[in-house]
Every structure is written in structure tokens, then in C-alpha cells.
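To keep things clear, I will list the structure first and then write my remarks on it.
4 protein chains.
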Amino acid sequence: MAPAKPRSPNWVTRRQAIVDTSARIFAKSGYHGTGIAELCDANELGKGALYHYIGSKEELLAAIHDRVMDEVIRSAERVEQAGGTPRQRLTMAGDELLDIIARYPDHVWVFLHEFPALTGDRAAQFRKRRREYERSIEAIIAAGIKSGEFRKANPRLITLAWLGMHNYTYLWLKPEGKFTAHDVAKQFATVFIDGIATDHGAE
Amino acid sequence: MAPAKPRSPNWVTRRQAIVDTSARIFAKSGYHGTGIAELCDANELGKGALYHYIGSKEELLAAIHDRVMDEVIRSAERVEQAGGTPRQRLTMAGDELLDIIARYPDHVWVFLHEFPALTGDRAAQFRKRRREYERSIEAIIAAGIKSGEFRKANPRLITLAWLGMHNYTYLWLKPEGKFTAHDVAKQFATVFIDGIATDHGAE
Amino acid sequence: MAPAKPRSPNWVTRRQAIVDTSARIFAKSGYHGTGIAELCDANELGKGALYHYIGSKEELLAAIHDRVMDEVIRSAERVEQAGGTPRQRLTMAGDELLDIIARYPDHVWVFLHEFPALTGDRAAQFRKRRREYERSIEAIIAAGIKSGEFRKANPRLITLAWLGMHNYTYLWLKPEGKFTAHDVAKQFATVFIDGIATDHGAE
Amino acid sequence: MAPAKPRSPNWVTRRQAIVDTSARIFAKSGYHGTGIAELCDANELGKGALYHYIGSKEELLAAIHDRVMDEVIRSAERVEQAGGTPRQRLTMAGDELLDIIARYPDHVWVFLHEFPALTGDRAAQFRKRRREYERSIEAIIAAGIKSGEFRKANPRLITLAWLGMHNYTYLWLKPEGKFTAHDVAKQFATVFIDGIATDHGAE
DNA sequence: TATGAATGAGTCTTCATTCAT
DNA sequence: AATGAATGAAGACTCATTCAT
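If you read the protein sequences in the order shown, they are chains B, L, H and V. Numbering of the first sequence is given in my numbering, commencing with residue 176 and proceeding in unit increments. Numbering of the second sequence is given in my numbering, commencing with residue 176 and proceeding in unit increments. Numbering of the third sequence is given in my numbering, commencing with residue 176 and proceeding in unit increments. Numbering of the fourth sequence is given in my numbering, commencing with residue 176 and proceeding in unit increments.
Here it is in C-alpha cells:
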């Protein structure tokens, strides 16, 4: 791969804006269902000018993915650095995850719906980072089982349950919605952790 | 809408086979990413003949949706007819749902990824049935809360958690996979119902 | 490469006509200078229908190349089978070559001007066959030198001189032109073979 | 046409360098196959700056043509001034021509491949100078026939043979190649002039 | 002199669909 | 029932060129 050529701060700012705007459009009409012309309209740019910023449609899609993935990976790092019991760490991870989902509803929609549209290296890179995050969750759960805090079960399966419960909120969790991310996270943590715990804090 | 033309049994059988085969292709390449030519190849049919059976690409997509939705709605009816405590009914619902997901992995993938591609009446009809199913789950949960079996919480939120946990399995639950649908369902039920229950069966 | 799917005789005929018509357009405006739209006009076909026959613009270009290359290779085979002295064989080769150039002026123009536009396997295949032909000429010249009929010289260099003299006629040799291919070939043979011969038949 | 604006010596020097560098790129990728961006890269200049020097892409192409044509025309003048027998003049013309082809392989490639891309006045001007050169060769040959040095033949046809033999070397004659321009020219002269001569120097 | 953002017509190609056979 | 030729709008993307800075 040729090294990405250096760009002016103006260019970088503008590109970021385009990535965010386009995420909204992709979330509404789907990646394949959105034409370049539609993106041009939304970004108030001619085709040539748009391509000046995005390189290609798929590169734009990858940028949207990265925008979320960067945050998700960073949240996993914060959780790891924060330490605490598995219960505390899983609670924090859920809180951070739902916060991202609520703050980037469009990006996350794209992320969870359109990842099969990534190809080649971009797809590989994306899968790698996704797996990395999932493993960080699985590590917490495995630790909890090992310590006896969580009941004996297949950690991968429990992880998948947790991920499903949390990720699936992308369909309805919105910044201006009925539930706040933090409230939902708290309730989910209660349900899920009580469900897997050996002692039940609530009682 | 014009009443559906009566068709020969042969036609119906062949159409069903085409719907199933096409689900596989859509799951692999996406609805927009799949061309009619590819469907023709997969079904070993010329374009004219294919259209003889499918009417249009979107009608084919709708048929794939219906194939799953019919099963899902029917499972909800079975659950209702079976009766029992909320705990029992929720367990059964999860078992049936995962069974469908495992038996129709391609259809379900399409169902959960490509529903935004449906337009007009077809989209409305689909949303209506989907909501209907979700309400049947919510009713069980609300009943459990009312009866005191489940702890006090927003039933909609709990429903969404349950749906996320179960629906999300479409990403990894396969007929030939490591976990059977029934096993997964049992474990999910344990976790989830323990998580929301007021008394904990495990203790 | 996937095996070319079988085509109806109608399709094959029509395709051949398209190849020939398009050669004329490419010869006039150049390969890169000709748009698909222009080809559609010339062939009285819509874009979709044109692609039904050509596969891609470059495949069309390759078909034009093949049309000539097939003839050229066949002419080399005829020369070989005809036998005779090097002088006779070289004369015959020139006669056959100019005949092809005169009969396919457009194809040959494309062949000699646009071969760098071929890529990948097609380019390799083309270079291979071209070299094959050049070697058949070089073999004749080398035989003449060895037998003493032609004077001592670098056979490759003499071959290149011969090829230049003959190929370059594509710029002016036309079926309806001032000179016939056969006349030109006869005069070229006289000049060239006298130029390299050790005895001069004319005297 | 407006009179060419007067330019600083710096500008002229830089432009010449750009013309030569661009010839290399055009020779590699073709005129239509080369984008302005590629020329900018090769010349290490932004688009605006490049246009400051070249005016337009076609003007750049014309400059490449002129670079060669100027030399070719000048060589014809030198041949004329040098005088001598037709045989001597033709030998000298071949030597000069191959020298140019070997020294400007890229320019000549462009010259011989891309001249159809010139339009309007530029195309007319180019054709005029090209014809001028060809006539100077034809004049030598006609003189040789008239004087009896060359055998009776259509001078135009003999000229075309000579031009083909020499011009066609652009495909393989390179400064660092196996054959030097001077050697090739000498051998070509021997072959060609012996081929058309009435007496044969070799005997 | 030089930059690079912007234009918008143009590139080749694919699309879902129709229809005569 | 089935074929495959035809349509023409739309697909993503590149082009040569201009111009404010």
C-alpha cells in the first residue's frame, strides 16, 4: 500500500464531516442502496470534489467503521486499565458500549449492517479488531467464572449472549430516545450479571 | 393489489425451491449485491423463466421474509396455546425462536439485514408482523412482572434485551455449528430468567 | 478462466459483425479515444445489448487482434507447408502478409497501434503469438544465410528490416488504393531479396 | 491564434524538461491512458503549476511531436546541404533518422502512436511537416532513378518501403540496446540500396 | 510561481426488467 | 415453461481544466 499522502488540516476536518454525514445516509438507505449522487447532495459537493475527500465509496465505508471501532477498542482499554472485579468490569464495559452506540447511532448501524460490504484487507482488518474486542469481553467473563463470581458456563456462549443483548440496541437506542444509554446499561447489567452470578446482590 | 393468480402445484413447489436457493445467495452477497444473473445461475434458469416464478426481485425478497415470519408468528401462537407460567412460556419462546434461526440461517440473515430494502406495502406488512411478535414476547414479560415472578422493570426494555440476546445469534448459530439451538436456548433461558426473576431457581 | 459459455450461431454471427464494425471505429478514433456510446451508435445497439456481445471493451479489442493474428499465423503455416527455397518462401510470406494487411486495414491498424492497451493474460497471449510469427520469418532468413543464398548478416536485424518494410504498409495500403497488395509485395520482394541476396537474379 | 506570450528563460527550460519527462510517461501508458495527475507526479508539480507550463494536454502532445519533427526536418536540411550522389544522400538520411529514433525513443513512440490525437490546426501542421520530410526522401530516390543509379520503379512506393524499414525501428531501437543506431543504419543502407541499385557494390 | 479544491461531463460497466419467440 | 436479446437508466469512478488563494 502506498503511504497515505499528507493532507492539510482543512482537508482532514472536511473529510471527517463528510464521513459523519455519509454515515447518516448509509444508515437510512443502506450502503448498496445509496448512490454517489445521494452522497454528493447530502454533502453539498460535486462528484469530483467528493472523491477528492473519500478516495472510494468503500474507503468511506471503512472510515465509518473505523470511527466506531476506534472508540470501541479504546473503551476496552479503559476498562482494562480501570481494573476491579469481573462484575465491575463487565458493568463498565456495557456502560461504555451503550454510550458509543447512543452517541453514534448512524455509524453503529452501518457498522453492524454493512460490514460484509468491506472487502480484502479492509475486511480482514475490521474482523481482526472486532475479534479483539470480543475477546476482551470474553476475558472478563472467563475471569469471573474462574474466580467463582460467575456460574460455570461456556464463556464464549455467555459472551455472545452479552454482545447480542448490547449490540442489538443499535436498532432502538438513540440519543434523543426514551431511554438514556446509562439507564439501559445499568438495567442490562443488573439483569445479565444477576443471571450469571452465583450470589445475587439484589437479595 | 390484484388477487394472486392461481398457480399449479408444480409452480408453487418450484417457486419455494427458488426462494430457498435465493436466500442462500442473498445471505452471501447481500440483496443489492446480488444480480438477477447470479440468481439465474444458482437456480439454473434463464431470466425469463426466473421471472415467471418470482415476479420481481423485491417480491422474492418479501417471500424470503415471509418464509421466516410465518414460522415466527406460528411459534408465538404455539407458545400462547401451550400456556404455563411466564417463566415456562418465555423459555419455550426462546427455544422455538432459536430453532427457527438455526434451521433457516440464510433466510434469517436476509430477514435481519435486508428488511430496509422492502418498500411500500411490503415494508408496512413486514413491520406489522414483526411488531406483533415482539408484543407477544412483551406480553409474557409483563405478565411475569405483574404476577411477581419477574422483578419490577420496564417490560419494553426487558423485551428488547431478550430479543437482542436471541436474535443476535443469527450471526453464529448454524445447524452444523458447535452449539445446538436447543442447548443455547436452555442456557440463555437460565441466564436471562435468573437475571429477571425474583427467586432464583439455582439456589 | 471460466470456459466460455456456448452461444447460438446467431450470437456468433452478430458478434463477428460487431467486431468488424468496431475495428473501423477504433481505427478512426483510437481505442482509448472511442467511447462505448460511439460503438453503440456504429453497431446500432444499446449499451446493454452491446455488452451482451462484447463482454468488455478490452475483450472486443482482443477479438480484433485475434481476427488478424489468426490469419497471420495461418499464413505462416501455409508458407511452411509450401516449402521451396528461402527466397521463394520469403516472397510468399510477404505476399500473404500484405494480402492480410490490405484485406483488414482497420483490424491491422488497431493491431499495430493499440496492442499496448491489452493487459494481463491477453497481452501475454498476444505477444506470444506475435513472437511466434516473427520467428517463422527469422527462420526463413536464417536458412537463407546458412545456405549461402542470402549474404552474411544478423538474421534478427534483417528480420526486423523486413517486418518494418511490410508492416508499415498498414498506413497506406488499402483495398481500394492505388497499389494492389500483390503488386506491392512483388516489388518489395524484389528490392528486399535483391538487397540481401548473394547473386542478383535481375542481372 | 494569439501570438505566443513571451516567457522567461527559466520558464522555457522548465517547460522543456516537462515535455521530455511527459514523453516518457506517454510512451509508457499512451496519451489517452495518461492522466494529468500522473504527469503531475512525474514532474513533481501541482496541477496548477503544470498547467502554467503546458497550457493544455494536447499542447503538450504537440510539443513532444515538435521536438522530434524539428530534428527530423533539420536532418533533411543537412542532407540536402551535404549534397553527394543519391546513394550517399540516402545513406546519410537513414543514418540521421535512426540517430534521432535512438536518441528520442519516447518522443518517437509518441510521435508514431499518438499523432491521431492531435486535432485541428495542430494536426494539419503536423501532417504538413511530415509530408515535407517524406518528399525530401522521395526526391532523393527519384533523383537516383532518373540518374540511373537506382532501378526503375515507382518512387513513392520505394520511399514508403524505406520509411517503413527505418521508422519501424522505433519498436526496438534503444540507446542502450544491442544494436547501435549507426550500425543498424549502415546495414539497412547496404540492404536497401543494394536492393534498388542497378549495380551492386558488393560484387 | 505554485497549490489543491472544485467542476461536471465523461468513463466503462451493470442493473432489473420486458418481450418476441 | 423457457429462452436470451434488448432496453436505457443508473452504477461507481476519472477526466481535463479552472480559479481563488
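Even for Gly, the Cβ is constructed at its ideal location relative to N, Cα and C.
Contacts that residue i makes with chain H (C-beta to C-beta distance below 9 Å)
i, result
"residue 319 (chain V)", "Here the premise fails: no neighbours, minimum Cβ distance about 13 Å."
"residue 301 (chain V)", "Under the 9 Å cutoff, chain H gives no residues; its nearest Cβ is about 14 Å from residue 301 (chain V)."
"residue 286 (chain V)", "Within chain H, no residue comes near residue 286 (chain V); the closest Cβ sits about 13 Å away, beyond 9 Å."
Where residue i falls, given that 16 or more other Cβ within 10 Å makes a residue buried
i, result
"residue 186 (chain B)", "exposed"
"residue 188 (chain L)", "exposed"
"residue 319 (chain L)", "buried"
"residue 360 (chain B)", "buried"
"residue 192 (chain L)", "exposed"
"residue 377 (chain B)", "Any reading at residue 377 (chain B) needs caution, since the residue's pLDDT is 46, under 50, leaving its predicted position unreliable; the model's value is listed next. Exposed, since its Cβ has fewer than 16 Cβ neighbours within 10 Å."
"residue 176 (chain L)", "Because the pLDDT of residue 176 (chain L) is 46, which lies under 50, any placement of that residue in the model is unreliable, and the number read from its coordinates should be weighed accordingly. It counts as exposed."
"residue 182 (chain H)", "exposed"
"residue 322 (chain V)", "exposed"
"residue 356 (chain B)", "buried"
"residue 184 (chain V)", "exposed"
"residue 179 (chain B)", "exposed"
"residue 339 (chain V)", "buried"
"residue 258 (chain L)", "exposed"
"residue 251 (chain H)", "buried"
"residue 294 (chain H)", "exposed"
"residue 222 (chain H)", "exposed"
"residue 227 (chain V)", "exposed"
Collapsed DSSP secondary structure at residue i in the structure displayed
i, result
"residue 363 (chain B)", "helix"
"residue 179 (chain H)", "coil"
"residue 378 (chain H)", "Residue placement at residue 378 (chain H) is poorly supported in this model, since its pLDDT is 41, which falls under 50; the coordinates still yield a value, given next. Three-state DSSP puts residue 378 (chain H) in coil, outside helix and strand."
"residue 325 (chain B)", "strand"
Proximity to residue i [Cα-Cα], best of the options
i, options, result
"residue 368 (chain B)", "B:267, B:216, B:205, B:353", "B:267"
"residue 317 (chain H)", "H:334, H:259, H:254, H:243", "H:334"
"residue 287 (chain L)", "L:305, L:270, L:296", "L:305"
"residue 275 (chain H)", "H:327, H:332, H:245, H:264", "H:245"
"residue 220 (chain B)", "B:279, B:190, B:243, B:233", "B:190"
"residue 278 (chain L)", "L:328, L:243, L:302", "L:243"
"residue 325 (chain H)", "H:271, H:373, H:257", "H:373"
"residue 284 (chain L)", "L:347, L:256, L:309, L:184", "L:347"
"residue 235 (chain V)", "V:210, V:313, V:255, V:183", "V:210"
"residue 205 (chain V)", "V:344, V:282, V:250", "V:282"
"residue 254 (chain V)", "V:345, V:315, V:215, V:300", "V:315"
"residue 352 (chain B)", "B:195, B:329, B:280, B:226", "B:280"
"residue 431 (chain B)", "B:216, B:301, B:263", "Because chain B in this structure spans residues 176 to 378, residue 431 (chain B) falls outside the shown range and cannot be described."
"residue 354 (chain H)", "V:328, V:303, V:370, V:271", "V:328"
Contact list for residue i against chain L, beta-carbon separation under 8 Å
i, result
"residue 283 (chain B)", "Ordered by position in chain L, no residue passes the 8 Å Cβ test against residue 283 (chain B), which lies about 13 Å from the chain."
"residue 279 (chain B)", "Ordered by position in chain L, no residue passes the 8 Å Cβ test against residue 279 (chain B), which lies about 18 Å from the chain."
Within chain V, partners of residue i - CB distance below 7 Å
i, result
"residue 354 (chain H)", "332"
"residue 207 (chain H)", "205, 207, 208"
Listed by chain order, chain L residues near residue i by CB distance under 7 Å
i, result
"residue 369 (chain B)", "369, 370"
"residue 347 (chain B)", "335"
"residue 185 (chain B)", "Those do not exist, as residue 185 (chain B) stays about 34 Å from chain L at its closest Cβ, beyond 7 Å."
"residue 362 (chain B)", "328, 332"
CB of residue i within 8 Å of CB of residue j, strictly
i, j, result
"residue 298 (chain H)", "residue 207 (chain H)", "no"
"residue 239 (chain L)", "residue 197 (chain L)", "yes"
"residue 336 (chain L)", "residue 366 (chain B)", "yes"
"residue 363 (chain L)", "residue 269 (chain L)", "yes"
"residue 307 (chain V)", "residue 331 (chain V)", "no"
"residue 344 (chain L)", "residue 265 (chain L)", "no"
Within chain V, the residues that residue i reaches when beta carbons sit closer than 9 Å
i, result
"residue 359 (chain H)", "332, 335, 336"
"residue 240 (chain H)", "None at all; the shortest Cβ gap to chain V is about 16 Å."
Partner residues on chain H for residue i, Cβ-Cβ distance less than 8 Å
i, result
"residue 261 (chain V)", "Those within 8 Å of residue 261 (chain V) in chain H number zero; the least Cβ separation is about 15 Å."
Per-residue contacts from residue i into chain B (C-beta, under 8 Å)
i, result
"residue 266 (chain L)", "Those within 8 Å of residue 266 (chain L) in chain B number zero; the least Cβ separation is about 13 Å."
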